[in-house]
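Remarks on the structure that follows.
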Amino acid sequence: MQSKKMWEGRFKKALDSKVNDFNSSISFDQRMYKEDITGSMAHAAMLGRQGIIPKEDSELIIKTLAEILSDIESGTLSFDPEAEDIHMFVEAELTARIGDAGKRLHTARSRNDQVALDTRMYVRKHLAEIKDSVLTLIWAIEKKAENHLESVMPGYTHLQRAQPVTFAHYVMAYAQMLMRDVTRIEDALNRMNYLPLGSGALATTTYPIDRESVAEALGFDGVMQNSIDGVSDRDYCLESASILAILMTHMSRFSEEIILWCSSEFGFIELDDAFSTGSSIMPQKKNPDIAELVRGKCGRVYGSLITLLTVMKGLPLAYNKDMQEDKEAIFDALDNVKLCIDIFTQMFDTMTVRVSVLRRAASKGFINATDCADYLVKNGLPFRDAYKITGQIIAYCIDTDKTLEALTLDEYKSFCPVFENGVYEAVDLMNCVNGRKVTGGPAAVSVRKQLDDCIKFLNDRK
Ligand code: ARG
Numbered sequence: 000m001q002s003k004k005m006w007e008g009r010f011k012k013a014l015d016s017k018v019n020d021f022n023s024s025i026s027f028d029q030r031m032y033k034e035d036i037t038g039s040m041a042h043a044a045m046l047g048r049q050g051i052i053p054k055e056d057s058e059l060i061i062k063t064l065a066e067i068l069s070d071i072e073s074g075t076l077s078f079d080p081e082a083e084d085i086h087m088f089v090e091a092e093l094t095a096r097i098g099d100a101g102k103r104l105h106t107a108r109s110r111n112d113q114v115a116l117d118t119r120m121y122v123r124k125h126l127a128e129i130k131d132s133v134l135t136l137i138w139a140i141e142k143k144a145e146n147h148l149e150s151v152m153p154g155y156t157h158l159q160r161a162q163p164v165t166f167a168h169y170v171m172a173y174a175q176m177l178m179r180d181v182t183r184i185e186d187a188l189n190r191m192n193y194l195p196l197g198s199g200a201l202a203t204t205t206y207p208i209d210r211e212s213v214a215e216a217l218g219f220d221g222v223m224q225n226s227i228d229g230v231s232d233r234d235y236c237l238e239s240a241s242i243l244a245i246l247m248t249h250m251s252r253f254s255e256e257i258i259l260w261c262s263s264e265f266g267f268i269e270l271d272d273a274f275s276t277g278s279s280i281m282p283q284k285k286n287p288d289i290a291e292l293v294r295g296k297c298g299r300v301y302g303s304l305i306t307l308l309t310v311m312k313g314l315p316l317a318y319n320k321d322m323q324e325d326k327e328a329i330f331d332a333l334d335n336v337k338l339c340i341d342i343f344t345q346m347f348d349t350m351t352v353r354v355s356v357l358r359r360a361a362s363k364g365f366i367n368a369t370d371c372a373d374y375l376v377k378n379g380l381p382f383r384d385a386y387k388i389t390g391q392i393i394a395y396c397i398d399t400d401k402t403l404e405a406l407t408l409d410e411y412k413s414f415c416p417v418f419e420n421g422v423y424e425a426v427d428l429m430n431c432v433n434g435r436k437v438t439g440g441p442a443a444v445s446v447r448k449q450l451d452d453c454i455k456f457l458n459d460r461k
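Okay, so the sequence shown: first residue is 0 according to numbering that gives the first Met the number 0, each after it adds one.
Structure, rendered in structure tokens:
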């Protein structure tokens with residue numbers, strides 16, 4: 000089939016139908032219908048105000064665009080797959096409804112302008128929604144941490160038990176990463192919030208347009224200062240995808256912990272039944288599919304970032320059709336990140352922390368060995384000597400299947416006469432944790448401070 004095009008005037012032949020399909024973006028850019036219509040309404044209003052088109056036409060265009068919007072939303076108007084893209088579709092529908100007035104809408108504007116505007120507004124909206132989702136997740140982490148200021152667990156390096164921390168301290172590490180993600184999103188939103196419309200195809204227009212008033216009407220902080228950049232810039236897509244990739248790295252690491260923690264080997268948490276799945280063959284299985292999918296979807300978000308970077312890297316200024324490839328990549332990243340954060344939040348919120356298992360794990364693995372060495376240091380030994388003596392004590396404990404808490408004072412003294420009863424206090428797990436009360440430490444007082452700062456961060460964004 001051959002289709003009619005708005006730009007067909009110059010052409011002697013109709014577009015080949017395969018080329019038409021290849022060229023078309025309506026199947027994926029239709030989701031920007033609202034941005035396209037609101038952008039056109041602001042443009043039409045400005046054209047009317049500036050006397051570029053008759054006031055009556057401007058009013059009729061705006062009224063009809065509002066009707067088209069509500070018809071799309073109610074399902075009475077469906078997207079025509081034959082339309083090349085959402086911009087052409089809306090304009091064609093407008094013209095079908097009001098004739099010549101509709102044909103005046105595209106005065107002093109180009110499609111390069113429109114796609115730059117619509118995509119920017121779409122990304123702006125959805126990135127802000129992701130920010131809200133991340134804030135909700137941070138609230139969930141903060142809330143859970145409140146209940147676990149004293150829940151001692153092992154902290155790890157090299158996935159080997161290292162030093163005691165608390166569950167609150169542990170999960171708040173993720174809240175810190177997510178708070179940085181939030182501020183990265185805020186920075187990007189500020190940077191992208193400039194209006195490209197008015198750039199024209201690339202060199203603006205001779206009509207006396209008023210870009211500033213359009214910027215204000217559409218919630219932008221100002222207008223882009225170079226028209227060639229205005230239609231060529233996709234930095235905001237690259238930046239958003241980078242931010243989302245980093246955010247998903249955090250989500251993937253957190254998911255990995257959840258997956259480990261609900262294994263029988265760890266048993267630190269139990270996921271709610273509503274957020275786990277069974278096996279088709281093994282009746283005993285309760286699988287952390289949600290966390291695994293979040294970890295897996297991290298891959299496609301990285302993929303989107305690489306797609307976008309690669310599409311853009313060799314493009315001369317200004318618009319090139321390659322840029323149509325930006326949409327599916329950024330849409331997919333936005334869609335999947337939102338899905339992941341929202342479902343992860345519910346999974347996290349409903350999981351049970353097994354405090355006694357955490358505690359048991361903390362009591363194995365000599366995670367208080369540093370504190371034993373520090374005890375000797377506080378009693379006058381140089382750290383390296385204290386370290387060596389403690390190493391010998393640990394070897395002895397391993398051979399005799401004992402813990403530092405269980406050694407007698409005589410046993411301690413056989414390694415170093417400096418040991419006194421105070422060593423038991425020093426190696427007590429809760430003391431080990433609460434002794435680390437410097438800023439950023441696992442002690443309940445330090446984590447309390449962390450939680451208060453986090454609450455302030457969240458309240459400032461309410
Ligand atoms: N569908 C196009 C895109 O997504 C819209 C811009 C088309 N402009 C052009 N001159 N062909 O990039």
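We treat Cβ as the ideally placed atom computed from N, Cα and C, and that holds for glycine.
Going along the chain, which residues of its own chain have a beta-carbon closer than 8 Å to the beta-carbon of residue i, five neighbours each way excluded?
i: Tyr169; result: Met152, Gly154
i: Ile454; result: Glu141
i: Thr205; result: none
i: Phe343; result: Leu136, Met250, Phe253, Ser254, Ile289, Ala290, Val293
i: Lys436; result: Ala442, Val444, Ser445
State the start and end residues of the unbroken alpha helix (DSSP H) segment that holds residue i.
i: Thr389; result: 382-399
i: Asn335; result: 325-349
i: Ser57; result: 54-73
i: Asp131; result: 110-145
i: Thr37; result: 32-48
i: Thr94; result: 85-97
i: His249; result: 234-260
i: Ile366; result: Taken as a continuous stretch (DSSP letters only), Ile366 belongs to no alpha helix (DSSP H), as it is neither H nor E.
i: Gly298; result: 288-312
i: Ser278; result: First-last for Ser278: undefined, no H or E at that position.
i: Phe21; result: 16-22
i: Ser543; result: Any question about residue 543 goes unanswered here, given that the chain covers just 0 to 461.
i: Arg447; result: 443-458
i: Met223; result: Element bounds for Met223: n/a, residue is neither H nor E.
Considering Cα atoms alone, identify which of the options is closest to residue i.
i: Met5; options: Val89, Ala385, Ala216; result: Val89
i: Gly197; options: Ala187, Glu185, Tyr318, Ala214; result: Ala214
i: Phe253; options: Glu92, Pro287, Asp228; result: Pro287
i: Glu211; options: Pro195, Asn420, Gly439, Thr205; result: Pro195
i: His147; options: Tyr423, Ala95, Phe166; result: Phe166
i: Val446; options: Phe330, Thr276, Asp321, Ser150; result: Ser150
i: Gln29; options: Gly421, Ile71, Ala442; result: Ile71
i: Ala44; options: Arg123, Val164, Asp209, Leu259; result: Asp209
i: Ser164; options: Lys461, Asp459, Pro441; result: Note that residue 164 is Val in the sequence shown here, rather than Ser. Ranking the options by Cα distance to Val164, first place goes to Pro441.
i: Ile473; options: Ala187, Lys296, Ser251, Pro282; result: Absent from the model: residue 473. The displayed extent of the chain is 0 to 461, so no value can be given.
i: Leu76; options: Lys320, Arg123, Tyr32; result: Tyr32
i: Ala332; options: Lys296, His157, Arg359, Asp321; result: Lys296
i: Val125; options: Gln283, Tyr386, Phe330; result: The question names Val, but residue 125 is His in the sequence shown. Checked all of Gln283, Tyr386, Phe330; the closest Cα to His125 is Phe330.
Could you check where the beta strand (DSSP E) with residue i kicks off and where it finishes?
i: Gln159; result: 159-165
i: Tyr155; result: 151-156
Less than 7 Å between C-beta atoms, sequence neighbours within five positions excluded: which residues of the same chain meet that for residue i?
i: Gly364; result: Pro153, Arg160
i: Ile25; result: Phe78, Pro80, Ala82, Glu83, Asp84, Ile85, Phe88
i: Asp341; result: Ser132
i: Leu93; result: Ile60, Thr63, Leu64, Ile67, Gly101, Leu104
i: Cys261; result: Ile268, Glu269, Leu270, Pro287
i: Lys412; result: Phe418
i: Ser226; result: Ser198, Gly199, Leu201, Ala202, Thr203
i: Glu424; result: Asn430
i: Ile388; result: Leu375, Phe414, Cys415
Check the C-beta distance from residue i over to residue j and give it rounded, since I have them as a contact under 8 Å.
i: Met346; j: Phe265; result: The pair is not a contact, with the Cβ atoms about 17 Å apart (cut-off 8 Å).
i: Val230; j: Tyr301; result: Between Tyr301 and Val230 the Cβ distance is about 28 Å, and since that is not below 8 Å, they are no contact.
i: Ile245; j: Ala290; result: Rounded, the Cβ-Cβ distance is 19 Å, inconsistent with contact.
i: Ala144; j: Leu450; result: 6 Å
i: Arg294; j: Glu255; result: 6 Å
i: Pro207; j: Ile51; result: 7 Å
Got a sec? Which residues, its chain only, sit under 6 Å from residue i by beta carbon, not counting five neighbours each side?
i: Gly8; result: none
i: Asn378; result: Val417
i: Phe10; result: none
i: Leu316; result: Ile227, Ser231
At a threshold of 6 Å, does residue i count as lining the ligand COA (C-beta to nearest heavy atom)?
i: Val18; result: In the structure on display, the ligand COA does not appear, and the ligands it does have are the ligand ARG.
(message) Assess contact between the segment 161-177 and the segment 116-131, defined as three or more Cβ pairs (one per stretch) separated by less than 8 Å. Is contact present?
(response) Verdict: no, contact absent.
(message) Taking contact to mean 3 or more Cβ pairs, one atom from each stretch, closer than 8 Å, check whether the segment 54-71 and the segment 98-105 are in contact.
(response) Three or more Cβ pairs closer than 8 Å define a contact, and the segment 54-71 meets that threshold against the segment 98-105.
(request) Inspect the CB distances between the segment 213-230 and the segment 299-315 and report whether three or more fall short of 8 Å. (result) No contact exists between the segment 213-230 and the segment 299-315.
(request) Count the C-beta pairs between the segment 104-114 and the segment 429-444 that are closer than 8 Å, then say yes if the count reaches three, no if not. (result) With a cut-off of 8 Å, the segment 429-444 and the segment 104-114 do not count as touching, because too few Cβ pairs lie within range.
(message) With three or more C-beta pairs closer than 8 Å as the rule, is the segment 232-243 touching the segment 322-337?
(response) In the pairwise beta carbon analysis, the segment 322-337 is classified as touching the segment 232-243: at least three pairs are separated by under 8 Å.
(message) I'd like to know if the segment 366-384 and the segment 393-408 are in contact, where contact means that at least 3 CB-CB pairs between them fall below 8 Å.
(response) In this structure the segment 366-384 lies against the segment 393-408, because at least three pairs of beta carbons, one per stretch, are closer than 8 Å.
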